[in-house]
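Novice: Handing you a structure now.
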Amino acid sequence: MTDAAKKKATYEDLYDIADNMIGEIIDGELIAAPRPSRRHSSTIAKITSTVLPPYEYGRGGPGGWIILVEPEIEFGENILVPDLAGWKEERFIWEEEQNPISVIPDWACEVLSPNTARLDRVKKMARYAEHGVSFLWLIDPILMTLEVYRLESGRWTLLGSYAENDKVRVEPFQEIVIGLGDLWLKTVKDKDA
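Count the sequence shown with the working numbering and you get residues 277 to 469, in order.
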């Protein structure tokens, strides 16, 4: 079958993905990736526990955000599943009970892994810009880095790159200090050092 004759993937095709996989539709192609590794999952949990209390609950921060882990979001004909996404509360549609979410988030966060880094950096990053996500974080738990981007005139502007044990105030959550050293998976060997 030629590329031109290939059927474009639809939301219903996501139901055929095995439970141990994450399915996305990008440029009409069904993409299935394995569930995140321990290092990846640990970083997602730690950034969530850092951002959620001050920004969703207003504990030590301004509140006013909705933060979700691995939400299915509709970006035109694409269905993307960022590791984390956040909406300013006034923009979030509470009445929507079913996936995919139709409102573009204000912030997306991708935790990079060797299997997904190219997809996250090339295709997903472009779709986020195309649809107006205001802020994007790319976190690499292996290299222990954080890259923070702001969308300006339809293009990503790198606001900063941070590493290892940096303590940072970064958009859109600049009211709090994030200790990057707290985000990385520590082994027993690391803790004893």
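We put the beta carbon where it would ideally sit given N, CA and C, even for glycine.
1. May I ask you to list the residues that DSSP assigns as paired with G339?
2. Which residues mark the beginning and the end of the alpha helix (DSSP H) in which R314 is found?
3. Which residue marks the beginning of the alpha helix (DSSP H) containing E406, and which one marks its end?
4. Could you give the distance in angstroms between the alpha-carbon of I323 and the alpha-carbon of D442?
5. For R367 and Y331, I'd like the C-alpha separation in whole angstroms.
6. Using a threshold of 7 Å, is the CB atom of I320 nearer than that to any non-hydrogen atom of the ligand ADP?
7. Using only the alpha-carbon positions, how far apart do V487 and N354 sit?
8. Using the Cα positions of G334 and P347, report the straight-line distance between them to the nearest angstrom.
9. L419 by DSSP, collapsed to three states: which one?
10. Provide the residue span of the beta strand (DSSP E) that contains S437, from first to last.
11. Looking only at its own chain, which residues have a Cβ that is under 7 Å from the Cβ of H316, when we skip the five neighbours before and after it?
12. How would you call W363, buried or exposed, if buried means at least 16 neighbouring beta carbons within 10 angstroms?
13. Suppose contacts are defined by Cβ-Cβ distances below 8 Å. Is D303 in contact with K400 by that definition?
14. In whole angstroms, what separates the C-alpha of V424 from that of A384?
15. Within its chain, find whatever has a CB closer than 8 Å to the CB of N391; leave out the 5 residues flanking it on each side and keep chain order.
Specialist: With the structure as the only source:
1. Walking along the sequence shown from the start, residue 339 turns up at place 63. According to DSSP, G339 bridges with nothing at all.
2. The residue labelled residue 314 in the question sits at position 38 within the sequence shown. From DSSP, the alpha helix (DSSP H) with R314 extends over 314 to 331.
3. Stepping through the sequence shown from its first residue, residue 406 is reached at position 130. Start and end: 401 to 406.
4. Taking the sequence shown and counting its residues from 1, one reaches residue 323 at position 47. Taking the sequence shown and counting its residues from 1, one reaches residue 442 at position 166. Between I323 and D442, the C-alpha separation is close to 14 Å.
5. As a working mapping, residue 367 is identified with position 91 in the sequence shown. As a working mapping, residue 331 is identified with position 55 in the sequence shown. Rounded to whole angstroms, R367 to Y331 spans 15 Å at the Cα level.
6. This structure lacks the ligand ADP, and indeed carries no ligand of any kind.
7. As shown, the chain starts at 277 and ends at 469. That puts residue 487 outside it, with no answer to give.
8. Residue 334 sits at position 58 when you count from the first residue of the sequence shown. Residue 347 sits at position 71 when you count from the first residue of the sequence shown. Their Cα atoms are separated by approximately 22 Å.
9. Numbered from 1 along the sequence shown, position 143 holds the residue referred to as residue 419. Coil, per DSSP.
10. For this step, residue 437 is matched to residue 161 along the sequence shown. 431 to 439 is the extent of the beta strand (DSSP E) around S437.
11. Numbered from its first residue, the sequence shown carries residue 316 at position 40. Taken in chain order, the residues that qualify are V387, S389, P417.
12. For the purposes of this step, residue 363 is taken as residue 87 along the sequence shown, with counting starting at 1. Buried.
13. The residue given as residue 303 occupies position 27 in the sequence shown. The residue given as residue 400 occupies position 124 in the sequence shown. Not a contact, by the Cβ cut-off of 8 Å.
14. As a working mapping, residue 424 is identified with position 148 in the sequence shown. As a working mapping, residue 384 is identified with position 108 in the sequence shown. Straight-line Cα distance between these residues: approximately 10 Å.
15. As a working mapping, residue 391 is identified with position 115 in the sequence shown. Hits under 8 Å: A309, P310.
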